[in-house]
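Reminder that position 76 of the sequence shown reads as 77 in the working numbering, one-by-one numbering, no gaps.
For glycine and all other residues, C-beta sits at the position ideal for the given N, C-alpha and C.
Quick notes on the structure that follows.
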Amino acid sequence: MKKRNRIIIITVAVIIILSNTPPIQYFIQESYHYQNRDGSFEFTEQGGPTQGFDVTKRRFEAFKTDNPSNPNKTLYRTFIIKPWRFWEWWQMIFNHERFTLPFYPRTVNK
2 MKKRNRIIII
12 TVAVIIILSN
22 TPPIQYFIQE
32 SYHYQNRDGS
42 FEFTEQGGPT
52 QGFDVTKRRF
62 EAFKTDNPSN
72 PNKTLYRTFI
82 IKPWRFWEWW
92 QMIFNHERFT
102 LPFYPRTVNK
């Protein structure tokens, strides 16, 4: 019985660790979308290092510089945090800043 429990624990740990590695994250990562309150700024992260959260922050700063009269200067995340999705724990730990943004339901611009 002890050996079986040990095998189960090790198997679960290996699945959690492997599913949180960058190569696998590329294929199963959720699409992270951001916007300001009125939806005049929107950005969706793409998989890979060239369209990550750092790019989101730079683009939002550029938007605020280009649109100084726009009163909506707060960046919101439009995705819900799902802590039960263990394959996203790596993102939640190492890129926690995106998860601390206030939530706002996604606005669809027409």
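Task: Local conformation of T66 per DSSP, three classes - done: Three-state DSSP puts T66 in a helix.
Task: Range covered by the alpha helix (DSSP H) that runs through F95 - done: F95 -> alpha helix (DSSP H) spans 90-95.
Task: Beta-bridge partners of Y77, as assigned by DSSP - done: Paired residue(s): Q36.
Open item on the list: Suppose contacts are defined by Cβ-Cβ distances below 9 Å. Is S41 in contact with F64 by that definition?
Closed with: Taking 9 Å as the Cβ cut-off, S41 and F64 qualify as a contacting pair.
Open item on the list: Taking the straight line between their C-alpha atoms, what separation do you get for K58 and I17?
Closed with: Distance between the alpha carbons of K58 and I17 is about 29 Å.
Task: Segment contact, 8 Å Cβ cut-off, at least three pairs: the segment 98-109 with the segment 78-85 - done: Look at the beta carbons and you see the segment 98-109 touching the segment 78-85: at least three pairs across the two are nearer than 8 Å.
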